Every structure is written in structure tokens, then in C-alpha cells.
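Chains as they are written, first to last, in numbering that gives the first Met the number 0: chain A, 0 to 99; chain W, 0 to 476. Positions of the beta carbon are idealized from the N, C-alpha and C atoms, including for glycine. This structure is a prediction, so every number in the text was calculated from the model and none was measured. Worksheet: one structure, shown below.
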Amino acid sequence: MQISQDLIGRLEALAALRLDAQERESLCADLGRILEYVRQLEQLHADDVDPTVHVTPAQQPLRRDATRGSMRREDVQRNAPDARDGFYRVPRFIAPGEES
Amino acid sequence: MRYEAVIGLEVHAQLLTQSKIFCACSTRFGAAANTQTCPVCTGMPGVLPVLNEMAVEYAVRMGMATACTIRQRSRFARKNYFYPDLPKGYQISQFEEPLCTQGHLTIETQAGERTVRIERIHLEEDAGKTLHDQDPDSSLVDLNRTGTPLIEIVSEPDLRDPLEAHAYLAKLKQILVYLEICDGNMEEGSLRCDANVSLRPVGESRLGTKTEIKNLNSFKGVEAALRHEIERQAALLDGGERVVQETRLWDAQRGETRVMRSKEEAHDYRYFPEPDLLPLVLDAAWLERVRAALPELPDAKRERFQVQYSLGRYDAHVLTGTQALADYYESAVAAGGEPKRIANWVQTELQGLLNARGIGIEASPISAASLSELVRLIEADRISGKMAKEVFAEMQRSGEAPGSIVERRGMQQISDRTALLPVVQQILAANPGAVEKYRDGKTKLLGFFVGQAMKATRGRANPQELEQLLRESLDSS
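Written as C-alpha cells, this is what we have:
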């Protein structure tokens, strides 16, 4: 499969990245090589092998349903670029009247 | 052209766990913004999620209650998208191999019972909450809700009209509340619903193009939004236009759906297996324990009520509406009294009182034992049905026991013929004209005499005895 500029553009949008022409070029080549590698893997006969979901042959440990104290808001929000009245403040991302 | 609607619902239910699905922060509703978060639910680098066993059990309960196949091995996936209320940039959900699949439930429609198939029920985490009305050019985010456990219940497109959709949603809510795994409150967002709707000409088996409607945050909203969307699509098709596959938002104020521009871009969630969580494996013995601990569910309870208490389907349906109401009814019956009579009192007088006060049965000012006592007073002929209503009114005011009210107010019914006879004689003597008319064939006047006698006894005369005595006295001589 050929990696087109269109596909790169779409991946950029989905990953919220902004690439310059040179980065696009090199990413195109890298992704092409990855796909080529996958094509090689596809030649293996793996019909009777269960898909690997996880590399660790263990099961999910479960946690008892009990609360522990949360972090202080001041501490959590130290990473926040902008906060107001205890809320994270972000650019308005929904048109008026579209609140859901 | 006549169209048939094809509707499927995706319902999200918040699970009533103490802590979040992957961390130990509280899920309590209504705390100050961002006071119930930690590095796990705010998506800090390097943290690992640890699954809450109660969330798993609750999801399994719902799967079992809706006859799903419970997968003993299921797995989690990342659903990738950027949104300010999703700090990790992905939601941990289930995609392939969800916990529960292929279930169904039964709804009551005007055309009788219908089975609605459930495609899947899976576990996932909730996102945060955003406020858009505080500031003209910014949105505010509260991450307390982030990581609250949800189950998503996806129906097959088996629903055919807005009423069926309403009935299905109501049934889901009823089961969730019976199972005590969700409070079912749509207005507060603990139960949320999206709908997929398409139309096709009646008789056609292929599906038409569907739209997805969001923001259905009340039972009325679901019905109204579907009705509107069906009309909108029908008008498009009739006009020779095509329905565009898109996400639409229901505006309850304006009573219309419109395109949700912020989500216009086609979604590509790029699901992949969640590397931070191992496959969830449930052992058979654990599943059996969960199954054994399931409460009696609404349908089974209704059927039992019909048989055990000789109730009609409707009565049994109403009385098993909630676990609390059913429990109330059963403890009243256990305390004594004819089940059908108690059913009537619960559904009319008691329900009327609760509705008027806007409270649930849990807060009933009249206990099940008191209601039973009242019914037994009627059955023992100590008070008439009419007097019982007076006693009932007094009970709700003062909380006093019915026996004590009857005693204190001297409300004992007069059933003794020797005590009633003088009253009857006096009434007849005082109304010679009416007596004559009655004897000439105007037997409808019996009601008049009953009324007079009731007045004279301040309503205490036993109506059956009184009527019989009046008849005897009037018909003799």
C-alpha cells in the first residue's frame, strides 16, 4: 500500500500534529517501510495461532471498590496552563447552543 | 409514501461504585470541581489503570439480567480522539470481545409483548464535564467525572417507533435500578441515550441511511426527538432528497434536531488493544456466585405476583414497577389482608398521596403494616370503605395507627341490625311521601334512604346491612 500525501494529511488531523513538508516526506517513507515489514509478516502461516492480545501471559488483577483520597486540586492543577475557579480553562470548543 | 422507522439505542449507564473504574478516586456526584482526581484519571504519564472488580460485577449483572452471553475472557481497547474533557486523548473502552453479547429483553407495546435484541454490553470510562456558558470565549472543564465506570448497552435496530424506544429505555432503567447498579437518573446524566434512526418504505427489508441523535437527556426527549427526526427524514425522502449520514443534536427547547458541527468530521477512533490492561478473565465459579445473587427481576416478579396474589397483569405490572414498591406491597400482604384489596389501596389512595407529595414509596408516611391494618378493619366490617378513606386521610396527617383513629373518633361501623333498625324506622317515618313512591315502583329511591341513614349515623352504618334492612322494611307491609 502506497502512503499518499492525503493519508498523511488525515493522520496529521487525527493525531493533532502539524508537520512540515520535510517531516511529511520522511514519515511517508517510514510508514511505507513499516507496511512493507507487515507484508513480510503476512506471509507466515499463522492460521492455527491465537492472536496475541497482550505479551504478558497473565490475567487482569482486580482492585477492591474502595476510595482513597484524591490529589489536592492545587497540586493537580500545577500542570494546567490555565485554570479558573477550580476548572481547567480551555479555548471554547463548541458553538453556542451546541452544549451536550 | 408510508415509511417504517428503524431505531437502535445506545445507552450509557453510570455504575454505582464507590470508586472510579481504574483508580481509587471517589465517584460522588456534586463535589467541588476537580477535587476528585488523581494522576491516573487525569492521564499523567507513567500511571497504570487497575480495574475495579465491582464495576466488572455490575456489568456482568446487567448482562445476565438481559440474557446475554457473558464472555469469560474479554479485553479492553483504546478509543482515540481529542476532546478537552478527555485528558488521556483516548477513552479506555471495549471494542473486540466485549464483556456481554447477544442478549435481549421484553417490552410491552400496544400490540403486545415484543423482544428487543441487545447486541452488546461493554465496560468503559466516562469523560469529564464541560461548561460553556460561563465565559464567551472559553470552556471550563471539570474532571471529577473522568473515569466513572459506565456500561454501554447497544441494542439491535429492533425498535420501530418512538413509543417502543421509550418502552425499551424504561425497561432498561427498571432493570438497572432493580439490580442496584445505576440510579437511572436521566436528568442528572447517570443514564444517557443516543439513538440511530433510519427510514425505509414499508415492506422494504434493506436499511435506509441513518442519522445519530445525541443529547436525549430525558424520557420525553427521546420520544420527542425521534418523532421529530422521523418526520424530518420522511419529508426529505418524500421531496426526492436523500438523508445524509450525520450526527444530529436534539434541542429540547426548540423541539428540533440539527447537525452537530463540532463533530462533523467523520470519526476514526483507531481502536487498538489497551496495552496497560491485561485480558479480563472471569472464572466460572465467580460468575455462578454473581448469578446466584441476582435479585428477582421485574418480569419474573410480575408473573409471580399474578399467580401468588391472583392479580391481573396490569396490577402486577404496576406493583412491580420498582423493587421498593413491590417490597412494600408484599410486606403489607404478609401483615394480613386480601391481596387484591391491598393492591387497590396501594395503587389508588397510596399512589395518589405519594404523587401529590412528589415522594417515592420509600418515604411513604403510611407504613405497609398500617395499610394492612386499615384493610383488615374493612374486612372485619369494623369500618366501611368510605370511612376507611377518612381514616386514611387522618393516617397521612398524623401517622397514627388506623385502629387507634377508629377507636378515638368513635368511627366504629354499625353492623348490628338491632342498632340499625331504629334508625331505619325513623327515616321511613320522617319521609312518608318517598316511602309511598318507592312502594309504587320507584325503587331507585332506595339510594335516597341509604343517604339519609348514613347522614343520621354520620357515615357509620354498614352499607350492606343498611341496604338489606331498608329493603326488608320497605318491601314488607
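Could you give the residue range of the alpha helix (DSSP H) that holds residue i?
i	result
SER25 of chain W	SER25 of chain W -> no alpha helix (DSSP H), and no H or E assigned at all.
GLN305 of chain W	297 to 307
LEU353 of chain W	350 to 356
ARG290 of chain W	283 to 291
HIS53 of chain A	HIS53 of chain A -> no alpha helix (DSSP H), and no H or E assigned at all.
SER330 of chain W	322 to 334
VAL317 of chain W	312 to 318
ARG457 of chain W	It is not in any alpha helix (DSSP H) - ARG457 of chain W carries neither H nor E in the DSSP assignment.
PRO338 of chain W	338 to 344
Along the beta strand (DSSP E) that carries residue i, what are the first and last residues, could you check?
i	result
THR16 of chain W	Element bounds for THR16 of chain W: n/a, residue is neither H nor E.
ASN79 of chain W	76 to 79
THR208 of chain W	Note, THR208 of chain W: premise wrong, no beta strand (DSSP E); not H, not E.
VAL49 of chain W	First-last for VAL49 of chain W: undefined, no H or E at that position.
SER154 of chain W	148 to 154
GLU107 of chain W	99 to 108
ALA362 of chain W	It is not in any beta strand (DSSP E) - ALA362 of chain W carries neither H nor E in the DSSP assignment.
SER197 of chain W	190 to 200
SER69 of chain A	Looking at the DSSP string, SER69 of chain A is not in any beta strand (DSSP E), and its letter there is neither H nor E.
SER92 of chain W	89 to 92
Tell me whether residue i sits in a helix, a strand or coil according to DSSP, three-state version.
i	result
THR479 of chain W	Lying outside 0 to 476, the shown extent of chain W, residue 479 of chain W is not represented and no answer is given.
ALA379 of chain W	coil
ILE2 of chain A	coil
LYS128 of chain W	strand
ASN143 of chain W	coil
PRO462 of chain W	helix
TYR177 of chain W	helix
SER25 of chain A	helix
SER216 of chain W	For clarity, residue 216 of chain W is Asn in the given sequence; the question names Ser instead. If DSSP states are grouped into helix, strand and coil, ASN216 of chain W belongs with coil.
VAL5 of chain W	strand
PRO90 of chain A	strand
GLY85 of chain A	coil
VAL59 of chain W	helix
GLU228 of chain W	helix
PRO294 of chain W	coil
GLU548 of chain W	With chain W running from 0 to 476 in the structure shown, residue 548 of chain W is simply not present.
SER99 of chain A	The predicted model places SER99 of chain A with a pLDDT of 46, which falls under 50 and marks its position as unreliable; any figure quoted below should be read in that light. SER99 of chain A: coil per DSSP, three-state reduction.
GLU123 of chain W	strand
VAL39 of chain W	coil
LEU158 of chain W	strand
GLU95 of chain W	coil
THR347 of chain W	helix
SER366 of chain W	coil
GLU118 of chain W	strand
Going along chain A, which residues have a C-beta under 8 Å from residue i?
i	result
CYS37 of chain W	SER69, MET70, VAL75
ARG269 of chain W	LEU13
Show which residues of chain W have a CB atom less than 7 Å away from the CB atom of residue i.
i	result
TYR36 of chain A	Neighbours of TYR36 of chain A on chain W: none; closest Cβ ~17 Å, over 7 Å.
ALA57 of chain A	LEU277
VAL52 of chain A	ARG74, PRO272, PRO278
Closer than 9 Å by beta-carbon distance: list the chain A residues that pair up with residue i, in chain order.
i	result
VAL59 of chain W	Under the 9 Å cutoff, chain A gives no residues; its nearest Cβ is about 12 Å from VAL59 of chain W.
ASP141 of chain W	GLY85, PHE86, TYR87
ARG199 of chain W	The contacting residues do not exist; ARG199 of chain W stays about 28 Å from chain A at best.
Report the neighbours of residue i on chain A: residues whose CB is nearer than 7 Å to its CB, in chain order.
i	result
GLN17 of chain W	ASP64, ALA65, THR66
MET53 of chain W	ASP64
ALA31 of chain W	GLY85
ALA23 of chain W	ALA65, THR66, ARG67
THR34 of chain W	SER69, ARG72
Give the interface partners of residue i over in chain W, defined as CB-CB distance under 8 Å, in chain order.
i	result
LEU16 of chain A	Result: empty, since nearest Cβ-Cβ is about 11 Å, beyond 8 Å.
LEU26 of chain A	Those do not exist, as LEU26 of chain A stays about 16 Å from chain W at its closest Cβ, beyond 8 Å.
LEU6 of chain A	Chain W residues near LEU6 of chain A: none, gap ~11 Å exceeds 8 Å.
How would you list, in chain order, the residues of chain W whose beta-carbon sits under 9 Å from the beta-carbon of residue i?
i	result
PRO60 of chain A	VAL49, LEU50, LEU277
Exercise. Quick check: the region 244 to 253 of chain W against the region 70 to 84 of chain W, are there 3 or more CB pairs under 8 Å?
Worked result: Taking 8 Å as the limit for Cβ pairs, the verdict is that the region 70 to 84 of chain W does not touch the region 244 to 253 of chain W.
For this session: Identify every run of the beta strand (DSSP E) within the region 234 to 261 of chain W, keeping only runs that are complete inside it and at least 3 residues long; order them along the chain.
Result: Every beta strand (DSSP E) of 3 residues or more that sits fully in the region 234 to 261 of chain W is shown, in chain order, as 246 to 250, 255 to 258.
Exercise. Does the region 31 to 42 of chain W come within contact of the region 67 to 86 of chain A, defined as at least 3 CB pairs closer than 8 Å?
Worked result: The region 31 to 42 of chain W is in contact with the region 67 to 86 of chain A.
Exercise. Which residue spans inside the region 374 to 434 of chain W form an unbroken alpha helix (DSSP H) run of at least 4?
Worked result: Counting only runs of 4 or more, we get 384 to 397, 401 to 407, 416 to 429.
For this session: Determine, using beta-carbon pairs with one atom in the region 17 to 31 of chain W and one in the region 163 to 170 of chain W, whether at least three such pairs fall under 8 Å.
Result: They do not touch, by the three-pair rule.
For this session: Kindly confirm or deny that the region 459 to 473 of chain W and the region 399 to 419 of chain W touch, where touching means at least three C-beta pairs closer than 8 Å.
Result: Touching, yes.
For this session: Inspect the CB distances between the region 11 to 18 of chain W and the region 232 to 246 of chain W and report whether three or more fall short of 8 Å.
Result: No: the two stretches stay apart, fewer than three of their Cβ pairs being nearer than 8 Å.
Exercise. Between the region 74 to 90 of chain W and the region 107 to 116 of chain W, are three or more C-beta pairs nearer than 8 Å?
Worked result: No, they do not touch.
For this session: Could you tell me whether the region 204 to 215 of chain W touches the region 142 to 154 of chain W, where touching means 3 or more Cβ pairs closer than 8 Å?
Result: These segments do not touch.
Problem set entry | At least three beta-carbon pairs within less than 8 Å, the region 232 to 240 of chain W to the region 41 to 50 of chain W | Touching, no, given that fewer than three Cβ pairs across the two stretches are closer than 8 Å.
For this session: Determine, using beta-carbon pairs with one atom in the region 53 to 71 of chain A and one in the region 263 to 283 of chain W, whether at least three such pairs fall under 8 Å.
Result: The answer is yes - the region 263 to 283 of chain W touches the region 53 to 71 of chain A, with three or more Cβ pairs under 8 Å.
Exercise. Within the chosen definition, does the region 186 to 203 of chain W reach the region 129 to 136 of chain W through at least 3 CB pairs nearer than 8 Å?
Worked result: Fewer than three Cβ pairs drawn from the region 186 to 203 of chain W and the region 129 to 136 of chain W lie within less than 8 Å of each other, which leaves the two stretches out of contact.
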